[in-house]
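The sequence shown lines up with residues 32 to 502 when you count with this note's numbering. In what follows, a single structure is set out as structure tokens and then discussed.
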Amino acid sequence: MFEEQLGVDEQETNESTFLNADIQASSTGEDRLVSESEFIDIVKFDYDNTPIVDIVNDMIVDSVKRGVSDIHFDPFESGIHIRIRIDGDLHNYTTVPLTMKKNMITRVKIISNMNITESRLPQDGAIKGLIEDMNVDLRVSCLPTNMGEKIVIRILDYSMSSAGLENLGFTKENYETVKKMIAIPNGIILVTGATGSGKSTTVYAMLQRLNTERRNLITVEDPIEMNIEGINQVQVNSDIGMTFGSALRSILRQDPDIIMIGEIRDTETARIAVRSAITGHLVLSTIHTNDSLNTIERLLDMDVERYLLGAAISGIISQKLARHLCDKCKHLRPTTDYEKTIFKSSLGLDVGEIYEAKGCPECSGGYKGRLPIHEVLLINQDIKDAISSGMSKSKLRELVFAENSDITTMLQDGLRKVLTGETSIDEILRLIQLDDEHMNSYKLLVLDNTKKEAEEIEKEEQKSELEQFSI
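Right, here's the structure in full:
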């Protein structure tokens, strides 16, 4: 769609150095507010001699090639500052002059099928295209601000959507647990996490594992992110009354074995999903929560009856994306006392050294790419009974994280990937905020270990003095 109108290869060669320099500076320096006058372009376009159509196409294709997840068009008095998000962080990209500000916004709205005459209300649009053999979907959001319309283009790269379950970064233990989950003939399995954390990729991988001629699989999605042969996929269209709820009611009359719901967003969808799970169907879905316990609480807040939720829920997979250490420049360093305590408390291991980020021309900042960190909980009968009986959150936490429960916490999974050199402990602790209870216990352990070491040193000194005195 866009590729025919450009030639970005030459531009990439000249400008990749500037991108690397900018990312390295922003990754290694402290976060701070950047004023309009400090914005540094890493790519420059010839706005005087190049049609705006070509410039917009160039930006999109170049962003896809760079692995960008979002393109931000930020309006200022002097024009538009464009930033790109790579591996979770925003970086400067280019500046659109004031003379081209309106043309740039209008062009993006046109190719997104938005109303170009409406600038007072938020609008959503989409662009679909085949770029260098990659099926890429672009979701476009337009928001009126005091400086003009702000646009964000989300680049949905489906190159990982067809990946097998075994290729999604699960540890061996978590992979086996997920296989147990999807082998259960009925119940609801939820994949949770923030926007852009790879939830859809995980759900699609499970669907493809379950997709056989002996099963009737139906999905209801908004949007349909990937067409899968052998699966009946339904697109939500709220403009004509085709909501998740109305689609699900019809799907239940289609003799389904497995139902996939793109996202549980409201009470109606949550209730139908849970009731479907207890009437002999396997239901897969996603929800925006941080971990297993918050997922249970969220569904209860949606007025799902406790006894139904306890009976229906069979597994929860929570995930976040951590930055991957650059294999070219990562290097080993000794662990601190605090880090040793975290490893000992979480994994029962004595860890003397771990990899950390350094930074090189290959990666710019010490990280390159991202990998998933998982929390995988297979719901056992004790947890089901606890949910149904209305057990308090604190008691439920104790039960979920008991030694005999089938769970690998996100912290444990992250620390294991630190040990394999895939990511750093700084990245894991940035993603996973340890609660006060954990922090206090870790601090006490550190202090206790320090106290014991001091006592042992004192005993050794006293013993040495006695030996010298006896001589």
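From the three backbone atoms N, C-alpha and C, an ideal C-beta is built for every residue, glycine too. On a predicted model such as this, the values are computed, not experimentally measured, just so you know.
Could you tell me which residues DSSP pairs with E252 in its beta bridges? Q266
Nearest-angstrom Cβ-Cβ length linking M212 and S376, presumed shorter than 8 Å: Wrong, their Cβ atoms sit about 27 Å apart, outside the cutoff.
Beta-carbon within less than 8 Å of D457's beta-carbon, same chain only, minus the 5 sequence neighbours each way: which residues are those? E387, A388
Please classify P123: is it buried, with 16 or more other beta-carbons within 10 angstroms of its beta-carbon, or exposed? It is Asn, not Pro, that sits at residue 123 in the sequence shown. That one is buried.
C-alpha gap between I182 and Q350, whole angstroms: 28 Å
Take the Cβ of Q412 as the centre, count every other Cβ of all protein chains shown within 10 Å, and call the residue buried at 16 or more, exposed below. exposed
In the structure shown, what three-state DSSP assignment does G379 receive? coil
The alpha helix (DSSP H) with A353 in it runs from where to where? Note, A353: premise wrong, no alpha helix (DSSP H); beta strand (DSSP E) at 344-356.
DSSP three-state call for S58: helix, strand or coil? Per-residue confidence for S58 stands at a pLDDT of 43, beneath the threshold of 50, marking its modelled position as unreliable; the derived number appears in the next sentence. Looking at S58 - three-state DSSP - the assignment turns out to be helix.
What do you reckon, are the CB atoms on I115 and H103 nearer than 9 Å? yes
Can you give me the C-alpha to C-alpha distance between L340 and Y369, rounded to a whole angstrom? 39 Å
Identified DSSP bridge partners for H312: According to DSSP, which records beta bridges pairwise, H312 is partnered with nothing at all.
Below 7 Å CB to CB, which residues in the same chain sit around E61 once its five sequence neighbours on both sides are set aside? For E61, the pLDDT reaches just 45, beneath the cut-off of 50, and the residue's location in the model is therefore unreliable, although a value from the coordinates is still provided. Excluding residues within five positions, none has a Cβ falling inside 7 Å.
Measuring straight from C-alpha to C-alpha, what distance separates L358 and T300? Note on identity: in this sequence residue 358 is Asp, with Leu being the wrong assignment. Cα to Cα, D358 sits roughly 44 Å from T300.
On the premise that Q266 lies in contact with I282, defined as a C-beta separation below 8 Å, what is that separation, rounded to the nearest angstrom? The pair is not a contact, with the Cβ atoms about 13 Å apart (cut-off 8 Å).
DSSP three-state label for S172, please. strand
contact_flag[the stretch 134-153, the stretch 171-187] where n(CB pairs < 8 Å) is 3 or more: yes
Output the distance between the C-alpha atoms of H319 and G224, rounded to the nearest integer angstrom. 5 Å
Endpoints, beta strand (DSSP E) assigned at V335: Unbroken run through V335: none, as it is neither H nor E.
Smallest Cα separation from V251: which of I348, N268, T310, G98? N268
Going straight from the alpha carbon of R97 to that of L380, what length do you get? 39 Å
Taking only three categories from DSSP, how would you classify V477? Any reading at V477 is ruled out, since the residue's pLDDT is 48, under 50, leaving its predicted position unreliable.
Chain-order list of residues whose beta-carbon lies under 8 Å from that of G195 (same chain, five-residue window excluded): A236, Q239, R240
Would L21 be called buried (16 or more neighbouring beta carbons within 10 Å of its own) or exposed? The requested residue 21 is not part of the displayed model; the chain covers only 32 to 502.
Quick check on this structure: which residue in F107, P106, V99, H112 has the alpha carbon closest to the alpha carbon of K75? H112
Cβ contact (3+ pairs, closer than 8 Å) linking the stretch 294-310 and the stretch 213-232: yes
Tell me which residues share the same chain as N177 and place their Cβ nearer than 7 Å to its Cβ, disregarding the 5 neighbours each side in the sequence. none
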